[in-house]
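**Q** Here it is, the structure in full.
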Ligand code: PLP
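Numbering (this note's numbering), first residue to last: 673 to 1066.
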């Protein structure tokens, strides 16, 4: 007998992948330009030139054996030192190289952090709407996810948050800028989350960790500060990713930064290393560790995302859709004009609009639109959105 839970996970594609694959089929039938695929969060702007230059430079000038060899399990020391220095300069947090663990993107960072911190029967709080994979990474460790409802503006409902914390709560995941809503948690929200947790830690006499999932930190379109969680809460760690900031999601590179002010920081860091080992990661890709270290602070041209956001948001509001203005990431989260988001997405398919129902994001009655596409795709899709709104009104 094999592991049935894994079999089920493998057989059941995520709804995002499901719709993405359907789009590909439709493209073959009606032509690529006639399908409006808004299903997947794959960056649509090229990596900054410095990424390609650095790859070429490393390929020609760096010791080839070392470049393609294993690094230390936690990542190359020079790479971690460069990241540590960057964090100090940029955010003022004193994270040393020995608090950084290189990962294959934020996904691995999350899976490793969940395993490092949680044991069977622990609970982990996630704020709806949330990235669906949190539930997968938690459940394989026997950890129960407890979802907190959002307010109308899609910031977390802190009354509900307070009510959901229990003696079993081991960790809380935050993700801002958020996938799927594009919302950035305000500084006030972050401070409130931290003070509620500080109080609960005292009450229960054990740490409750914050895991901050940060693939979209740099994708911010207004003059908004995204609070750096290590400056607000001691028992925090960050799962950072270069996937979206550098437009290199296929290269699989990111890191975990453990707050040195954490009460049992060295134990947590050791558990992170242990979890990475247990999950078989060995080390993060050696070449891209070095590329990332040389490209710290660089960001792909996100002006296209801003153009897309404005175009889509303004048009959809004009057609009568109800959506919260997204300040970051590259998603628009729309309340469906009919109650069942799945049915709404089926109707949308008639117009070749590929949207993702948000039930698996913990937000029934919403759809996610990934606007990391060409601006032309958005322009050409607008009549379809208009007709869909009209059909739903009838
Ligand atoms: N967390 C969130 C909220 C995401 O949206 C994604 C990817 O889309 C990830 C984590 C995983 O990203 P990575 O490519 O860094 O593994």
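All C-beta atoms in this analysis are idealised placements derived from N, C-alpha and C, irrespective of residue type, glycine included.
DSSP three-state label for residue 1029, please.
**A** strand
**Q** Mind the definition here: the segment 954-970 touches the segment 994-1002 only if three or more C-beta pairs lie below 8 Å; say whether that holds.
**A** With fewer than three CB-CB distances shorter than 8 Å, the segment 954-970 does not count as touching the segment 994-1002.
**Q** Just reading off the beta strand (DSSP E) that residue 914 is part of, what are its end residues?
**A** Premise fails: residue 914 is in no beta strand (DSSP E) and is neither H nor E.
**Q** Give me the Cα-Cα distance between residue 687 and residue 681, rounded to the nearest whole angstrom.
**A** Looking at the two C-alpha atoms, the distance is approximately 12 Å.
**Q** Taking the C-alpha atoms as reference points, what is the distance between residue 900 and residue 773?
**A** 18 Å
**Q** Given that a residue counts as buried once 16 or more other Cβ atoms are within 10 Å of its Cβ, and exposed if not, what is residue 923?
**A** buried
**Q** Roughly how many whole angstroms lie between the Cα atoms of residue 929 and residue 912?
**A** Distance between the alpha carbons of residue 929 and residue 912: 8 Å.
**Q** Just to confirm, is the Cβ distance from residue 880 to residue 837 under 9 Å?
**A** yes
**Q** Run through the DSSP bridge pairs and tell me what residue 796 is partnered with.
**A** 817, 843
**Q** So residue 944 packs on residue 785, CB below 8 Å; how close in whole Å?
**A** Yes, residue 944 and residue 785 are in contact; Cβ-Cβ is about 7 Å, under 8 Å.
**Q** Are there any heavy atoms of ligand 1 lying less than 8 Å away from the beta-carbon of residue 924, as far as the coordinates show?
**A** yes
**Q** Which value, in whole angstroms, describes the spacing of the CA atoms of residue 789 and residue 846?
**A** 15 Å
**Q** Secondary structure at residue 709, three-state DSSP: helix, strand or coil?
**A** Here residue 709 sits in strand by DSSP.
**Q** For residue 857, which of helix, strand or coil comes out of DSSP?
**A** Residue state, collapsed to three classes: coil.
**Q** Over the uninterrupted alpha helix (DSSP H) stretch that includes residue 949, give me the two end residues.
**A** 937-950
**Q** Taking a contact to mean a Cβ-Cβ separation below 9 Å, would you say residue 965 touches residue 812 in this structure?
**A** no
**Q** When you compare each of 795, 693, 817, 793 to residue 802 by their alpha carbons, which one comes out closest?
**A** Nearest option by C-alpha distance: 817.
**Q** Let me check understanding here. Comparing Cα to Cα, which of 934, 768, 1013, 861 lies closest to residue 897?
**A** 861
**Q** Roughly how many angstroms lie between the CA atoms of residue 793 and residue 891, to the nearest whole one?
**A** 35 Å
**Q** Taking only heavy atoms of ligand 1 into account, decide whether any of them is closer than 8 Å to the Cβ of residue 822.
**A** With a cutoff of 8 Å, residue 822 does not count as near ligand 1, since its C-beta is closer than that to no heavy atom of the ligand.
**Q** So, under 8 Å CB-CB, residue 745 and residue 949 are touching, yes? Tell me the CB distance rounded to an integer number of Å.
**A** 6 Å
**Q** Give the DSSP-derived three-state secondary structure of residue 1017 in the structure shown.
**A** Three-state DSSP puts residue 1017 in a helix.
**Q** Nearest by alpha-carbon distance to residue 819: which of 1034, 876, 1065, 1063 is it?
**A** Checked all of 1034, 876, 1065, 1063; the closest Cα to residue 819 is 1034.
**Q** Going residue by residue through the segment 745-772, where are the continuous alpha helix (DSSP H) segments of at least 4 residues, counting only ones entirely within it?
**A** 749-763
**Q** Taking 8 Å as the cut-off, is the CB of residue 968 close to at least one heavy atom of ligand 1?
**A** No, the beta carbon of residue 968 sits no closer than 8 Å to any heavy atom of ligand 1.
**Q** Given a threshold of 16 other Cβ atoms within 10 Å of its Cβ, counted over all protein chains shown, does residue 787 qualify as buried or as exposed?
**A** buried
**Q** Whole angstroms are fine: how far does the CA of residue 996 sit from the CA of residue 956?
**A** Distance from the CA atom of residue 956 to the CA atom of residue 996, rounded to whole angstroms, is 37 Å.
**Q** Residue 815: buried (16+ other C-beta within 10 angstroms of its C-beta) or exposed?
**A** buried
**Q** Ends of the alpha helix (DSSP H) at residue 836?
**A** 830-836
**Q** For a test of the three-state rule: what should DSSP assign to residue 929, helix, strand or coil?
**A** strand
**Q** Between the segment 912-921 and the segment 932-939, do three or more beta carbon pairs fall short of 8 Å?
**A** no
**Q** Going by DSSP, what residue range makes up the beta strand (DSSP E) through residue 881?
**A** 881-886
**Q** Just to be sure I understand the criterion: a residue counts if its Cβ is closer than 6 Å to at least one heavy atom of ligand 1. Which residues meet that?
**A** If you measure from each CB to the nearest heavy atom of ligand 1, the residues under 6 Å come out as 713, 777, 778, 779, 803, 847, 851, 885, 887, 913, 915, 921, 926.
**Q** Quick one: using the 10 Å Cβ neighbour count with 16 as the cut-off for buried, is residue 791 buried or exposed?
**A** exposed
**Q** What three-state label does DSSP hand residue 1007 in the structure shown?
**A** strand
**Q** Are the beta-carbon atoms belonging to residue 1026 and residue 833 less than 9 Å from one another?
**A** no
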